[in-house]
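For reference, the structure discussed in these notes is given below.
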Amino acid sequence: MARKRAWVDYVEKRYATTLEHRECDVDLEQLTATQSEIERIKYHMVRHEDFRADEPILVYKGRCGGYFIVDGHTRARVEWDRGARTIRAALYTSSDADVPEELIRIALDTGGGRERRIWEVPVVDRVGQGTPGWDKRRRELLAEWQAERDAHGPV
722 MARKRAWVDY VEKRYATTLE HRECDVDLEQ LTATQSEIER IKYHMVRHED
772 FRADEPILVY KGRCGGYFIV DGHTRARVEW DRGARTIRAA LYTSSDADVP
822 EELIRIALDT GGGRERRIWE VPVVDRVGQG TPGWDKRRRE LLAEWQAERD
872 AHGPV
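The opening residue of the sequence shown carries number 722 in my numbering; numbering runs sequentially from there.
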């Protein structure tokens, strides 16, 4: 949706390239995380309320391999924790070698100097489950999701 479009626009403009994509299942074990943590509230919503469950995650595959999660870390982690070993993804590729270089840098930065797999990304509660902050953050996530759906339609 909006996040996917924003990332595609950014990459195509920055690298003067055209991304190709297809929807397919990807192996969760091959995915490299580009996010330092997963919000517990989002994890809870995805796992127990099917929040954004109908949306494929966004993955970039480098020319020489390397699969990087661009959007959908929480959905990927929930599926991993449920015992799944694949997940539906919008898989993007490009012939430009600089795109995966940027993703490798991000993965190393967010992983404390090493690339991490989805099961290694910590699930962190920064607002306190069951608190007013939790309820507020939940409302924010739902409102953001609804605004995206209103603007772009369901996935």
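Ideal Cβ placement from N, Cα and C applies to all residues, glycine included.
D775 and A810 have their alpha carbons spaced roughly 11 Å apart. Between the region 745 to 753 and the region 798 to 808 there are three or more inter-stretch CB-CB distances shorter than 8 Å, so the stretches are counted as touching. Taking K763 as the centre and dropping the five residues before and after it, the same chain places the C-beta of T795 closer than 6 Å to its C-beta, in chain order. Residue pairing of Y813 in beta bridges, as defined by DSSP: H742, Y781.
Runs of alpha helix (DSSP H) with 4 or more residues, each lying fully within the region 783 to 843, are found at 794 to 802, 819 to 831, listed in chain order. Excluding five sequence positions before and after T814, the CB atoms of its chain that fall closer than 6 Å to its own CB belong to E741, K782, given in chain order. In this structure, R798 places its C-beta atom within 9 Å of the C-beta atom of I839. Distance from the CA atom of L824 to the CA atom of E758, rounded to whole angstroms, is 16 Å. In this structure Y736 touches D817 by the C-beta definition: roughly 5 Å separates them, less than 8 Å.
Taken atom to atom, the span from the alpha-carbon of H769 to that of A868 is near 21 Å. Only residues of its own chain outside the window of five on either side were considered, and among them R761 have a CB closer than 6 Å to the CB of D846, listed in chain order.
Within the DSSP bridge table, the entry for I762 names no partner. Beta-bridge analysis with DSSP links V732 to no other residue.
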